[in-house]
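Participant: Positions in the sequence shown are counted from 1; adding 162 to them yields the numbering used here.
A virtual CB, placed ideally from N, CA and C, is assigned to each residue, including glycine.
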Amino acid sequence: MNHDALSDVLRSVRLRGAVFYYVSFRDEWVAETPAAPELAKALMPGTEHVLAFHLVVRGAGWAAADGLPPVRLAAGDIVMFPRGDTHVLSSAPGMHAERDTSDWHFTTRNDPKPIALAYHRGVLRPGELSPAEDASTVVVCGFIGCDLRPFNPLIASLPRLLHLPAPEVSSWLNPMLNQAVNESRLRKPGSAAVLDRVSEMVFVDAVRRYLESLPETDQAGSEAGWLAALRDPHVSRAIGLLHERSAEPWTLDELGKQVGLSRSALHERFVNLVGQPPIQYLTNWRMQCGALLLRESNATVASIALDVGYDSEAAFSRAFKRLVGQPPAAWRRQQKDR
163 MNHDALSDVL
173 RSVRLRGAVF
183 YYVSFRDEWV
193 AETPAAPELA
203 KALMPGTEHV
213 LAFHLVVRGA
223 GWAAADGLPP
233 VRLAAGDIVM
243 FPRGDTHVLS
253 SAPGMHAERD
263 TSDWHFTTRN
273 DPKPIALAYH
283 RGVLRPGELS
293 PAEDASTVVV
303 CGFIGCDLRP
313 FNPLIASLPR
323 LLHLPAPEVS
333 SWLNPMLNQA
343 VNESRLRKPG
353 SAAVLDRVSE
363 MVFVDAVRRY
373 LESLPETDQA
383 GSEAGWLAAL
393 RDPHVSRAIG
403 LLHERSAEPW
413 TLDELGKQVG
423 LSRSALHERF
433 VNLVGQPPIQ
443 YLTNWRMQCG
453 ALLLRESNAT
463 VASIALDVGY
473 DSEAAFSRAF
483 KRLVGQPPAA
493 WRRQQKDR
């Protein structure tokens, strides 16, 4: 059985769901969500990447991002924008929202969640409860933060728009999310923490569903990317070994023997799917493991260097600075100051 590399990455990039809106739409409506850098600044300062997802609780609508065809949404559907694209939800396809120049995202940042919003040709009194019973469409909007550096191979391997029709959403997920939102609206103790965890579960479930939809193949086909690589038995096995035994002095020859491919065949297959050679991937993954230890432990840089497979602190520091742009000690101080 292959090592669970997906869980490794999900743990290491520090998923955190922190912001929710409970949105009532009436009649003709359109709402725009800005791109990830702007969202991070407004909603989760210090977070490298923010992705949005929307659950249609009642009614219907459309979701769209530039360059992509609009997607019809029905009750129970979830739509997610993993790469942080600016996107629009609307009552009809092809609609565009007026630019929102207000500062309510900032001024309500620390308010209890979810924040109720009402849309009808624009935002109406954010933060004031609106009668959802009168709304034609009700949507729960969630935002999840994660790290991109030193190494996050997951986000780029997901589509810009990920649509999960209601029948494809895990049966336990929608009731759980709705219950968490309702508890939070009633301000029950601990409900905010529940909402955070459930939002992370929404993302993980969406990733798993997308992974399962990719073809399983014995050769690199049209699908490429880190998740597609997890569907290839040889490359997936290689990734699992590099994760499970990242501190070992791997060579391409030894890795090929372990997965049953020649050196050249493994190199070609790995590059075609993952976009980089196996040993470069190992270096990047070691930096990700090292960053997690730097952030979450008090171990010395020298000790961390040994833990992730380097013979010396200097060698680890050089590799870390090449990828992150800062030496490990300076990067650690910056993380703790956030």
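Am I right that F215 and V364 are in contact with their C-beta atoms under 8 Å? What's the rounded C-beta distance?
Facilitator: Taking the sequence shown and counting its residues from 1, the one referred to as residue 215 is at position 53. Taking the sequence shown and counting its residues from 1, the one referred to as residue 364 is at position 202. Confirmed, about 6 Å.
Participant: Check this for me: beta carbons of A202 and T209, under 9 Å apart or not?
Facilitator: For this step, residue 202 is matched to residue 40 along the sequence shown. For this step, residue 209 is matched to residue 47 along the sequence shown. It is a contact, given that the beta carbons lie within the stated cut-off.
Participant: Is the segment 404-412 close to the segment 348-362, with three or more CB pairs under 8 Å?
Facilitator: In short, these stretches do not touch, since the Cβ pair count stays below three.
Participant: In the DSSP output, which residue or residues are listed as bridge partners for M242?
Facilitator: Start at 1 with the first residue of the sequence shown, and residue 242 comes out as number 80. M242 is bridged to F215 and L324.
Participant: Kindly give me the distance between the Cβ atoms of I306 and L177, rounded to whole angstroms, as I take these residues to be in contact under 8 Å.
Facilitator: For the purposes of this step, residue 306 is taken as the residue at position 144 of the sequence shown. For the purposes of this step, residue 177 is taken as the residue at position 15 of the sequence shown. With 8 Å as the limit, I306 and L177 qualify as a contact, their Cβ atoms being about 6 Å apart.
Participant: For the segment 212-226 against the segment 249-258, are there 3 or more C-beta pairs whose distance is under 8 Å?
Facilitator: Yes, the segment 212-226 is in contact with the segment 249-258.
Participant: So for A382, helix, strand or coil by DSSP?
Facilitator: Residue numbering aside, residue 382 sits at position 220 when the sequence shown is read from its first letter. For A382, the predicted structure reports a pLDDT of 45, less than 50, and the residue's modelled location is therefore unreliable. The matter cannot be settled from this model.
Participant: Can you name, in chain order, every residue of its own chain whose Cβ lies under 6 Å from the Cβ of V175, other than the five neighbours on each side?
Facilitator: Numbered from its first residue, the sequence shown carries residue 175 at position 13. C308, D309 and N314.
Participant: Using CA atoms only, rank isn't needed, just tell me which of L217, V233 and P232 is closest to D239.
Facilitator: Your numbering for residue 239 matches position 77 in the sequence shown. The shortest Cα separation from D239 among L217, V233 and P232 belongs to L217.
Participant: Report buried or exposed for F268, applying the criterion of at least 16 other Cβ atoms within 10 angstroms of its Cβ.
Facilitator: Start at 1 with the first residue of the sequence shown, and residue 268 comes out as number 106. Label assigned to F268: exposed.
Participant: Compute the Euclidean distance between the alpha carbons of L389 and D265, then round it to the nearest angstrom.
Facilitator: Taking the sequence shown and counting its residues from 1, the one referred to as residue 389 is at position 227. Taking the sequence shown and counting its residues from 1, the one referred to as residue 265 is at position 103. Going by the C-alpha atoms only, they are around 37 Å apart.
Participant: With respect to the alpha helix (DSSP H) encompassing E374, which residues constitute its N-terminal and C-terminal limits?
Facilitator: Stepping through the sequence shown from its first residue, residue 374 is reached at position 212. Counting along the chain, the alpha helix (DSSP H) containing E374 begins and ends at S353 to S375.
Participant: When the distance is taken between beta carbons, is A453 closer than 9 Å to F482?
Facilitator: Numbered from its first residue, the sequence shown carries residue 482 at position 320. Numbered from its first residue, the sequence shown carries residue 453 at position 291. Their beta carbons are under 9 Å apart, which means F482 touches A453 by this criterion.
Participant: In the DSSP assignment, find the unbroken beta strand (DSSP E) run with E194 in it and report its ends.
Facilitator: Taking the first residue of the sequence shown as 1, we reach residue 194 at position 32. First-last of the beta strand (DSSP E) with E194: V192 to T195.
Participant: How about R370 and L213: do their beta carbons lie closer than 9 Å?
Facilitator: Numbered from 1 along the sequence shown, position 208 holds the residue referred to as residue 370. Numbered from 1 along the sequence shown, position 51 holds the residue referred to as residue 213. Against a cut-off of 9 Å, the Cβ pair of L213 and R370 comes out as no contact.
Participant: With C-beta atoms as the reference, is W447 less than 9 Å away from L417?
Facilitator: Taking the first residue of the sequence shown as position 1, residue 447 is located at position 285. Taking the first residue of the sequence shown as position 1, residue 417 is located at position 255. Not in contact: W447 and L417 (Cβ atoms no closer than 9 Å).
Participant: Short check: CB of R457 to CB of D296, under 9 Å?
Facilitator: What you label residue 457 is simply residue 295 of the sequence shown in a count that begins at 1. What you label residue 296 is simply residue 134 of the sequence shown in a count that begins at 1. Their beta carbons are not under 9 Å apart, which means R457 does not touch D296 by this criterion.
Participant: Taking all protein chains shown into account, decide if R173 is buried (16 or more other Cβ within 10 angstroms of its Cβ) or exposed.
Facilitator: For the purposes of this step, residue 173 is identified with residue 11 of the sequence shown, where counting begins at 1. Exposed.
Participant: Who are the near neighbours of Y281 in its chain, counting only those whose CB is closer than 8 Å to its CB and skipping five residues on each side?
Facilitator: Your numbering for residue 281 matches position 119 in the sequence shown. Result list for Y281: V185, S186, F187, R188, W191, V192 and A193, in chain order.
Participant: Once the 5 residues before and after A355 are set aside, which same chain residues still bring their CB inside 6 Å of it?
Facilitator: On the sequence shown, position 193 is the one that residue 355 refers to. The answer is none, since no qualifying residue turns up.
Participant: Do you know offhand how far Q341's Cα is from L235's?
Facilitator: Working through the sequence shown from its first residue, we reach residue 341 at position 179. Working through the sequence shown from its first residue, we reach residue 235 at position 73. Each residue's Cα considered, the two are about 21 Å apart.
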